[in-house]
Amino acid sequence: MHEQFNFAIEVLGTISFSMSGTFAAMQKRLDPFGVLIIAFVTSVGGGTVRDLLLDVPVFWMHDLLTCVLILATSIFAMIFKSIEKKLQSNLIYL
1 MHEQFNFAIE VLGTISFSMS GTFAAMQKRL DPFGVLIIAF VTSVGGGTVR
51 DLLLDVPVFW MHDLLTCVLI LATSIFAMIF KSIEKKLQSN LIYL
């Protein structure tokens, strides 16, 4: 029960920080590769510092799900933002 709850919290945190990094990078008008890098650093930065200070293996190097989740969330957020821009420009003409 607790393991499932911890896993759900970890996934939600990864998704939210990835989207936050994606939107921040898009506001700075970075290219898609830069957006992915900023999203990745935002998502795993705090946990990486924690693991390095505790002298344990870095969590995202052993868990492929984290990297895939960051990649998928960033791509989804970029697509969502581009669709939103198109809708806003279409609504201006109405």
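Per UniProt numbering: the sequence shown ends with 94, consecutive numbering throughout.
The beta-carbon is built from N, C-alpha and C at its ideal position, and this holds for glycine as well.
For Ser89 and Lys81, what's the separation of their Cα atoms in angstroms?
As a first step, residue 89 is located in the sequence shown; it is residue number 89 there, counting from the start. As a first step, residue 81 is located in the sequence shown; it is residue number 81 there, counting from the start. Cα to Cα, Ser89 sits roughly 12 Å from Lys81.
Rounded to the nearest angstrom, what separates Thr22 and Leu69 at their Cα positions?
Looking up residue 22 in the sequence shown gives position 22. Looking up residue 69 in the sequence shown gives position 69. Spanning the two alpha carbons is a distance of roughly 13 Å.
Measuring straight from C-alpha to C-alpha, what distance separates Ser18 and Ala39?
Start at 1 with the first residue of the sequence shown, and residue 18 comes out as number 18. Start at 1 with the first residue of the sequence shown, and residue 39 comes out as number 39. Near 5 Å, if we compare the C-alpha coordinates of Ala39 and Ser18.
Give every residue of the same chain whose Cβ lies closer than 7 Å to the Cβ of Leu30, excluding the five residues on either side of it in the sequence, and list them in chain order.
Here residue 30 refers to the residue found at position 30 when the sequence shown is read from its first residue. Result list for Leu30: Ile38, in chain order.
Going by DSSP in three states, Val49 sits in which element: helix, strand or coil?
In the sequence shown, the residue the question calls residue 49 occupies position 49. Residue state, collapsed to three classes: helix.
Is the Cβ-Cβ distance between Gly47 and Phe59 less than 9 Å?
Position 47 of the sequence shown, counted from the start, is the residue given in the question as residue 47. Position 59 of the sequence shown, counted from the start, is the residue given in the question as residue 59. Yes, these two residues count as a Cβ contact at 9 Å.
Exposed or buried, Leu36, counting other C-beta atoms within 10 Å across all chains shown (16 or more means buried)?
The sequence position of residue 36 within the sequence shown is 36, counting from 1. Leu36 should be labelled buried.
Just to confirm my understanding: we take Ala77, look at its own chain, exclude 5 residues before and 5 after, and list those with CB closer than 7 Å. What are they?
Translated into the one-based positions of the sequence shown, residue 77 becomes position 77. Cβ neighbours of Ala77 beyond the five flanking positions: Met19, Thr22, Phe23.
So the candidates are Phe5, Glu3, Cys67, Ile79; which of them puts its Cα closest to the Cα of Gly45?
Counting from one through the sequence shown, the residue named residue 45 turns up at place 45. Selected option, being the one with the closest Cα: Cys67.
Using 8 Å for Cβ pairs, my map puts Ile9 next to Thr73. What's the rounded Cβ distance?
Against the sequence shown, residue 9 aligns to sequence position 9. Against the sequence shown, residue 73 aligns to sequence position 73. So it is not a contact: roughly 16 Å between Cβ atoms.
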